[in-house]
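Undergrad: Structure incoming, see below.
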Amino acid sequence: MNYFSRQRWSQKLTSIILAVRPWSFSASITSTLLGLCLVWKENKSIDIIQAIFTIATVLFIHGAGNLVNTYYDFINGFDTKDSDDKTLVDKLLSPNDLVACITEFYVMRIVCFIAIYLRSGEDTVPLIALFLCGVLSSFIYTGGIGLKYMALGDILIFLTFGALTTVFAYLIQTGEISLGIIAYALPLALNTEAILHGNNTRDLESDKSSGAVTLAILLGKQYACVLYCLLLIGPYVVLCILALNSSWTLLFPFVTAPLAVHFSSLCLHGDMIMIPQKTAQLNLLFGLLYLTGLIIS
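According to our numbering, the sequence shown holds residues 65 to 361 in order.
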């Protein structure tokens with residue numbers, strides 16, 4: 065392979081990584097680890113192999129969803145030169161390249177799930193059902209019926225990175241579905257929704273001019289920013305309630321409260337350029353401190 069071929073492949077790989085948006089993986093990683101931590105708290109042990117395959121499956125589902133989002137935002141005319149994701153707009157990748165990547169991610173998540181399935185117990189129906197729900201949610205956000213364009217994407221993301229992912233990780237380890245763990249998933253779900261809503265608030269004008277209908281558009285810029293602030297504050301309120309019924313160590317994430325206040329101020333003052341990425345960083349730090357506090361409690 066000559067120099068120019070290597071350079072072209074390097075540029076294509078970089079473009080694929082940008083389209084996958086690994087900075088957003090904090091949402092899926094922390095919610096998956098939460099399920100594993102809750103299992104550890106109960107049983108003092110987890111199946112490491114299953115845990116690895118679980119994390120891989122969730123990441124491939126999340127990555128595929130991001131690629132599908134890039135593809136359909138472009139196909140439906142929502143991505144422009146002013147958009148944050150210019151992968152297809154600037155022709156860094158072709159639509160066919162992206163379809164090939166999406167297919168590969170689909171294949172890899174199926175392979176990982178098969179490995180999980182083969183190591184699981186007898187009752188695998190709930191496991192398959194949750195996996196299919198995850199696969200479906202990664203597609204219909206912008207593909208198919210396109211919930212994002214009907215102001216329903218926020219609900220989908222909240223449920224997926226709240227209850228679904230955490231319950232999925234818990235189910236794989238225990239063979240049981242416990243609705244009681246959803247309360248523990250709520251802080252991370254609100255934090256993850258803040259990432260999405262911050263992104264949609266930043267892109268409000270461009271999405272509106274393209275004909276999309278998001279929750280941010282329905283609320284308008286001012287109230288969309290207020291909701292963003294509430295989504296950042298909400299997790300700390302939930303932590304206080306959980307701590308009253310568990311341990312003060314669940315309050316570890318309060319270390320990140322100044323960041324939440326700072327990002328809220330940025331949004332209210334219209335400094336939105338890096339809000340999604342910054343919120344994802346907050347989500348990761350918040351999540352790691354939360355998981356640490358949970359394990360110690």
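Note that the Cβ used here is the ideal one computed from N, Cα and C, for glycine as well.
1) Run through the region 150-221 for me and flag every whole alpha helix (DSSP H) of 4 or more residues, listed as ranges in chain order.
2) Where do the ends of the alpha helix (DSSP H) carrying Ala249 lie?
3) Assuming contact is defined by CB atoms lying nearer than 8 Å, are Asp161 and Gly239 in contact in what I supplied?
4) Since Glu106 is in the alpha helix (DSSP H), which residue starts that stretch and which ends it?
5) How many Å lie between Ser109 and Leu100 at the Cα?
6) Can you list, in chain order, the residues of its chain whose CB lies under 7 Å from that of Tyr67, leaving out five sequence neighbours each side?
7) What does a CB cutoff of less than 6 Å around Lys342 pick up in its chain, not counting 5 residues either side in sequence?
8) Is it true that the CB of Gly217 sits closer than 8 Å to the CB of Leu260?
9) If we count the other Cβ atoms within 10 Å of its Cβ and call it buried at 16 or more, is Thr256 buried or exposed?
10) For Ser92 and Thr229, which I take to be in contact (beta-carbon distance under 8 Å), what is that distance rounded to the nearest angstrom?
11) Assuming Leu102 contacts Tyr234 (C-beta within less than 8 Å), just tell me the rounded distance between them.
12) Report all residues from its chain with a CB closer than 7 Å to the CB of Ala307; omit the five preceding and five following residues, and keep chain order.
13) What are the boundary residues of the alpha helix (DSSP H) that includes Ala227?
14) Confirm, please, whether the CB-CB distance from Leu182 to Phe232 is below 8 Å.
15) Can a CB atom of chain C be found closer than 8 Å to the CB of Cys289?
16) Nearest by alpha-carbon distance to Leu191: which of Leu348, Leu352, Ile241, Tyr170 is it?
17) Taking C-alpha atoms, which residue in Thr265, Leu252, Lys212 lies nearest to Tyr136?
18) Can you tell me whether Ala247 is buried or exposed? The criterion is at least 16 other CB atoms within 10 Å of its CB, across all chains shown.
19) Taking the alpha carbon of Ile116 as the point to measure from, which residue in Ala164, Leu77, Cys176 has its own alpha carbon closest?
20) Considering only residues of the same chain and omitting the five flanking positions on each side of Cys293, which have a CB-CB separation below 8 Å?
21) Would a C-beta distance cut-off of 8 Å place Ala258 and Gly226 closer than the cut-off?
22) Sort Ile81, Gln237, Thr265 by Cα distance to Ile339 and report the nearest one.
23) By Cβ distance below 7 Å, which residues in the same chain neighbour Ala321 in space, the five residues on each side in sequence not counted?
24) Check for me: the alpha helix (DSSP H) holding Phe350 runs from which residue to which?
25) Mark Gly262 as exposed unless 16 or more other C-beta atoms lie within 10 angstroms of its C-beta, in which case mark it buried.
26) Ile236 and Ile174: beta carbons closer than 8 Å?
27) Ordered along the chain, which non-local residues of its own chain (more than five positions away) have a Cβ less than 6 Å from that of Ile119?
28) Can you give me the C-alpha to C-alpha distance between Val163 and Ser79, rounded to a whole angstrom?
29) If I measure Cβ to Cβ from Pro251 and keep anything under 7 Å in the same chain, skipping five residues before and after, which residues do I get?
TA: In short:
1) Complete alpha helix (DSSP H) runs here, min 4: 159-183, 189-204.
2) Ala249 -> alpha helix (DSSP H) spans 246-266.
3) Going by C-beta atoms, Asp161 is not nearer than 8 Å to Gly239.
4) 90-107 is the span of the alpha helix (DSSP H), which, as asked, contains Glu106.
5) Looking at the backbone, the Cα of Ser109 and that of Leu100 are separated by about 9 Å.
6) Confidence is the limiting factor: at Tyr67 the pLDDT is only 46, short of 50, which leaves the residue's position unreliable and the question unanswerable from this model.
7) Result list for Lys342: Phe327, in chain order.
8) Yes; because the gap between Cβ atoms is below 8 Å, this pair is in contact.
9) The residue in question, Thr256, is buried, as its Cβ has 16 or more Cβ neighbours within 10 Å.
10) Confirmed, about 6 Å.
11) Indeed, because the Cβ distance is near 6 Å, the residues count as touching under 8 Å.
12) Closer than 7 Å at the Cβ level, and outside the excluded window around Ala307, lie Leu314, Leu315.
13) Unbroken run through Ala227: none, as it is neither H nor E.
14) In this structure, Leu182 does not lie closer than 8 Å to Phe232 by Cβ.
15) Any reference to chain C falls outside this structure, which holds one protein chain only.
16) Of all alpha-carbon atoms in Leu348, Leu352, Ile241, Tyr170, the one lying nearest the alpha-carbon of Leu191 is that of Ile241.
17) For the set Thr265, Leu252, Lys212, the Cα lying nearest the Cα of Tyr136 is the one of Lys212.
18) Ala247 counts as exposed, since fewer than 16 other beta carbons sit within 10 angstroms of its beta carbon.
19) Checked all of Ala164, Leu77, Cys176; the closest Cα to Ile116 is Cys176.
20) Excluding the 5 residues flanking it on each side, Cys293 has same chain C-beta neighbours closer than 8 Å at Ser328, Cys331, Leu332, in chain order.
21) Against a cut-off of 8 Å, the Cβ pair of Gly226 and Ala258 comes out as no contact.
22) Checked all of Ile81, Gln237, Thr265; the closest Cα to Ile339 is Thr265.
23) Taking C-beta separations shorter than 7 Å and ignoring five residues to either side along the sequence, the partners of Ala321 in its chain run Tyr300, following chain order.
24) Here the alpha helix (DSSP H) through Phe350 covers 339-360.
25) By the Cβ-count criterion, Gly262 is buried, with 16 or more other Cβ atoms from all chains shown falling within 10 Å of its own Cβ.
26) Taking a C-beta distance under 8 Å as the contact criterion, Ile236 and Ile174 do not qualify as a contact pair.
27) Excluding sequence neighbours, Ile119 sits near Thr96.
28) For Val163 and Ser79, the distance between alpha carbons rounds to 14 Å.
29) Same-chain partners within the cutoff: Pro299, Val302, Leu303, Tyr354.
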